[in-house]
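**Student:** Going down the list, the protein sequences come from chains A and B. Its first residue numbered 1, the first sequence is counted upward by one per residue in the numbering used here. Its first residue numbered 235, the second sequence is counted upward by one per residue in the numbering used here. For glycine and all other residues, C-beta sits at the position ideal for the given N, C-alpha and C.
Protein chains: 2
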Amino acid sequence: METAESYSKKGYEQLSVTVDLVIFTVIDNELKVLLIKRGQEPFIDFWALPGGFVRINESLEEAALRELKEETGIQKVYLEQLYTFGNPKRDPRGRVVTISYFALVDSTKIKPVVTGEEQIKDVMWFSINKLPKLGFDHEDIVKYALKRLCYKLEYTAIGFGLLPEFFTLTDIQELYEIILNEKLDKRNFRKKILSMNLLETTKKYRKGQHRPALLYKFKKIKPTHTFKKIRFES
Amino acid sequence: METAESYSKKGYEQLSVTVDLVIFTVIDNELKVLLIKRGQEPFIDFWALPGGFVRINESLEEAALRELKEETGIQKVYLEQLYTFGNPKRDPRGRVVTISYFALVDSTKIKPVVTGEEQIKDVMWFSINKLPKLGFDHEDIVKYALKRLCYKLEYTAIGFGLLPEFFTLTDIQELYEIILNEKLDKRNFRKKILSMNLLETTKKYRKGQHRPALLYKFKKIKPTHTFKKIRFES
DNA sequence: ACAAAAGTGTTCCTAATACACCCATGA
DNA sequence: TCATGGGTGTATTAGGAACACTTTTGT
Numbered sequence: 001m002e003t004a005e006s007y008s009k010k011g012y013e014q015l016s017v018t019v020d021l022v023i024f025t026v027i028d029n030e031l032k033v034l035l036i037k038r039g040q041e042p043f044i045d046f047w048a049l050p051g052g053f054v055r056i057n058e059s060l061e062e063a064a065l066r067e068l069k070e071e072t073g074i075q076k077v078y079l080e081q082l083y084t085f086g087n088p089k090r091d092p093r094g095r096v097v098t099i100s101y102f103a104l105v106d107s108t109k110i111k112p113v114v115t116g117e118e119q120i121k122d123v124m125w126f127s128i129n130k131l132p133k134l135g136f137d138h139e140d141i142v143k144y145a146l147k148r149l150c151y152k153l154e155y156t157a158i159g160f161g162l163l164p165e166f167f168t169l170t171d172i173q174e175l176y177e178i179i180l181n182e183k184l185d186k187r188n189f190r191k192k193i194l195s196m197n198l199l200e201t202t203k204k205y206r207k208g209q210h211r212p213a214l215l216y217k218f219k220k221i222k223p224t225h226t227f228k229k230i231r232f233e234s
Numbered sequence: 235m236e237t238a239e240s241y242s243k244k245g246y247e248q249l250s251v252t253v254d255l256v257i258f259t260v261i262d263n264e265l266k267v268l269l270i271k272r273g274q275e276p277f278i279d280f281w282a283l284p285g286g287f288v289r290i291n292e293s294l295e296e297a298a299l300r301e302l303k304e305e306t307g308i309q310k311v312y313l314e315q316l317y318t319f320g321n322p323k324r325d326p327r328g329r330v331v332t333i334s335y336f337a338l339v340d341s342t343k344i345k346p347v348v349t350g351e352e353q354i355k356d357v358m359w360f361s362i363n364k365l366p367k368l369g370f371d372h373e374d375i376v377k378y379a380l381k382r383l384c385y386k387l388e389y390t391a392i393g394f395g396l397l398p399e400f401f402t403l404t405d406i407q408e409l410y411e412i413i414l415n416e417k418l419d420k421r422n423f424r425k426k427i428l429s430m431n432l433l434e435t436t437k438k439y440r441k442g443q444h445r446p447a448l449l450y451k452f453k454k455i456k457p458t459h460t461f462k463k464i465r466f467e468s
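1) Check whether the stretch 371 to 387 of chain B and the stretch 298 to 307 of chain B are in contact - that is, three or more C-beta pairs closer than 8 Å.
2) L380(B): which of Y335(B), F394(B) and G285(B) sits nearest, CA to CA?
3) P322(B) and N29(A) look like a contact to me (Cβ under 8 Å); what is the Cβ gap, rounded to whole Å?
4) Apart from the five residues just before and just after A282(B), which ones in its own chain have a Cβ nearer than 7 Å to its Cβ?
5) Give the residues from the stretch 302 to 317 of chain B that approach chain A closer than 9 Å (Cβ to any Cβ), ordered along the chain.
6) Alpha carbon to alpha carbon, how far is L104(A) from K183(A)?
7) What are the start and end residues of the beta strand (DSSP E) that includes A337(B)?
8) Quick one: give me the first and last residue of the beta strand (DSSP E) that E177(A) is part of.
9) Taking only the alpha-carbon atoms, compute the straight-line gap between D106(A) and M358(B) and give it to the nearest angstrom.
10) Can you tell me whether Y205(A) is buried or exposed? The criterion is at least 16 other CB atoms within 10 Å of its CB, across all chains shown.
11) Verify the CB distance criterion: does I178(A) have a CB-CB separation below 9 Å to chain B?
12) For G273(B), which three-state DSSP category applies?
13) Suppose you measure from the CA of G350(B) to the CA of D356(B); what does that come to, to the nearest Å?
14) Could you tell me whether any Cβ in chain A is nearer than 9 Å to the Cβ of P366(B)?
15) From F423(B) to E408(B), what distance separates their C-alpha atoms?
16) Count the other CB atoms, across all protein chains shown, that sit within 10 Å of the CB of D20(A); report buried if there are 16 or more and exposed otherwise.
17) Locate the alpha helix (DSSP H) running through D262(B), then write down its first and last residues.
18) What are the residues of the stretch 32 to 49 of chain A that lie near chain B, defined by any Cβ-Cβ distance shorter than 7 Å?
19) Mind pulling the beta strand (DSSP E) runs of 3 or more residues that sit fully within the stretch 44 to 95 of chain A?
20) I need the straight-line Cα distance from I238(A) to Y83(A), nearest angstrom please.
21) List in chain order: all unbroken alpha helix (DSSP H) runs of 4+ residues lying wholly within the stretch 354 to 391 of chain B.
22) For a test of the three-state rule: what should DSSP assign to K451(B), helix, strand or coil?
23) Given that a residue counts as buried once 16 or more other Cβ atoms are within 10 Å of its Cβ, and exposed if not, what is L428(B)?
24) Quick check: the Cα distance between K310(B) and T342(B), rounded to an integer number of angstroms?
25) Measure the alpha-carbon distance for G442(B) versus P366(B) and round it to whole angstroms.
26) Determine, for P212(A), whether the minimum Cβ-Cβ distance to residues of chain B falls below 9 Å.
27) In its own chain, which residues sit with a C-beta less than 7 Å from the C-beta of P446(B), not counting the 5 before and 5 after it?
28) So K437(B) is in the alpha helix (DSSP H); what residue range does that whole segment cover?
29) In chain order, what residues of the same chain lie with their CB nearer than 7 Å to the CB of L403(B), ignoring the 5 residues before and after it?
30) Grab the span of the alpha helix (DSSP H) containing R187(A) for me, first residue to last.
31) Whose C-beta lies closer than 7 Å to the C-beta of E67(A) among residues of the same chain, with five residues either side of it excluded?
32) From the DSSP output, in three-state form, read off F394(B) for me.
33) Measuring only the C-alpha atoms, how far is S293(B) from R93(A)?
34) Can you find a C-beta in chain A that's less than 9 Å from the C-beta of G350(B)?
35) Please confirm if N489(B) has its CB atom under 9 Å from at least one CB of chain A.
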């Protein structure tokens with residue numbers, strides 16, 4: 001095992017470390033990812049994931065949260081470390097290892113920051129089905145993140161991170177249908193979601209043109225039991 | 235988003251990047267982890283996970299495989315990236331981000347290399363239940379790895395990485411019982427394992443004091459179906 | 001009164017679990 | 001012949017999936 005000292009003595013370079021974020025939201029009934037158009041080489045004019053270098057005194061998660069806040073203005077979100085990509089060729093500028101994170105944000109809280117910084121030309125939400133060509137290995141990262149999102153949706157309550165404070169059961173179901181890209185059975189879905197014991201009813205209703213829908217919110221307390229599988233095939 | 239250039243201009247230091255390995259095996263009916271006694275500061279005389287710095291031209295997985303080979307002499311193993319730990323305080327020498335991997339090795343193939351390198355005093359397999367105090371945040375890493383191992387054992391065929399070429403069904407069951415630390419029902423276990431379609435019978439038997447046991451081996455081809463859950467409670 | 005979304009139970013089927021005895025061998 | 005680990009089948013239960021109608025509201 002080498003030590004930091006012997007490592008330096010041998011003259012190995014240190015590496016650059018970045019975090020990259022796959023930030024998901026649902027807008028207009030589509031699952032979207034936030035991308036930034038690159039204003040300089042490499043991959044100038046390509047779209048890429050938001051991200052940046054990890055600073056010397058911040059943890060990886062702090063770096064990810066900092067980037068997230070810079071790009072979306074949002075602070076409190078579901079954030080999870082995904083995977084670390086370290087192919088030596090993944091960044092033409094040199095050796096850059098990136099720790100990828102995925103985040104779920106409630107679209108009603110987003111205020112996309114189109115900043116005035118010179119190197120940023122544009123920030124945009126792209127439907128997961130209509131992604132442009134991405135720079136670096138970011139397409140791999142997005143694919144990996146989507147896989148993880150779908151997977152976790154099936155057996156955890158992760159999807160709730162995409163919802164506002166109050167929501168109807170139909171809202172959640174539509175969210176799941178959008179992400180999983182399949183139709184779900186209403187009765188089975190409701191049974192499962194409610195059996196998780198994560199939700200509580202409110203006294204409020206959402207009024208529309210038709211029968212008002214009862215609004216739910218998350219329980220503050222922990223759920224009473226974990227569930228085996230959340231799958232709602234029909 | 236910062237670029238490598240602006241990053242350098244601002245004078246941020248680059249970071250050290252290591253890989254650390256949680257290498258599991260089963261010896262004497264116990265789940266063991268390979269540890270190395272540190273020969274220098276920091277954490278001199280503490281035990282720690284094998285690992286080392288990632289070199290400038292190797293991928294993360296290559297670095298992990300290189301370390302694995304150095305410590306165990308083994309090359310072909312199950313290896314999976316676990317998690318990346320990057321707390322700024324985790325290494326007193328400076329900022330070191332570590333990508334942890336976990337590996338499963340067949341104990342019959344191990345030849346623990348007690349090297350002559352000056353900084354390595356000792357290499358040893360420790361029972362997971364009797365770990366010494368570990369340096370750095372390696373205890374967290376081991377715990378994380380164990381959790382992942384148990385978890386994956388329940389729904390994948392990962393455990394086979396710990397077995398030799400030929401084995402009996404009882405061998406596998408004992409392996410699972412050791413790792414999961416619970417007794418399993420023989421008939422249910424066999425039903426599940428065989429239903430995975432991962433194994434094929436051989437013509438060989440293991441002779442012992444009692445009725446000879448049929449030896450199995452892995453199929454070369456892919457399994458025909460994935461299974462829901464591997465749980466064998468009695 | 002009608003259009004549209006909200007809301008609600010039961011049956012079926014598959015998969016997980018619990019459980020006990022006979023078999024083949026070496027000593 | 002006996003001690004020991006190898007090997008096998010069935011009944012029960014729980015959870016996932018399929019499925020259709022009534023309710024409530026606004027227009």
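**Tutor:** On the basis of the supplied data:
1) no
2) Y335(B)
3) The Cβ separation is near 42 Å, so there is no contact.
4) L269, I270, R272, L368, G369, F370 and H372
5) E304, E305, Q315 and Y317
6) 21 Å
7) V330 to L338
8) Premise fails: E177(A) lies in the alpha helix (DSSP H), L169 to L180, not in any beta strand (DSSP E).
9) 49 Å
10) exposed
11) no
12) coil
13) Any reading at G350(B) must be qualified, since the residue scores a pLDDT of 44, below 50, and its modelled position is unreliable; the value itself is stated next. Approximately 10 Å, taken between the alpha carbons.
14) no
15) 11 Å
16) buried
17) Per DSSP, D262(B) belongs to no alpha helix (DSSP H) and is neither H nor E.
18) I36 and Q40
19) 51 to 53 and 78 to 85
20) Residue 238(A) is absent from the model: chain A starts at 1 and stops at 234.
21) 372 to 389
22) strand
23) exposed
24) 13 Å
25) 36 Å
26) no
27) Y439 and R440
28) No alpha helix (DSSP H) contains K437(B), which is instead part of the beta strand (DSSP E) from L433 to R440.
29) R424, I427 and Y450
30) K186 to S195
31) V19, L21, P50, G51 and G52
32) helix
33) 16 Å
34) Confidence is the limiting factor: at G350(B) the pLDDT is only 44, short of 50, which leaves the residue's position unreliable, though a coordinate-based value still follows. Not one chain A Cβ lies under 9 Å of G350(B).
35) This structure gives no information on residue 489(B), because the portion of chain B shown stretches from 235 to 468.
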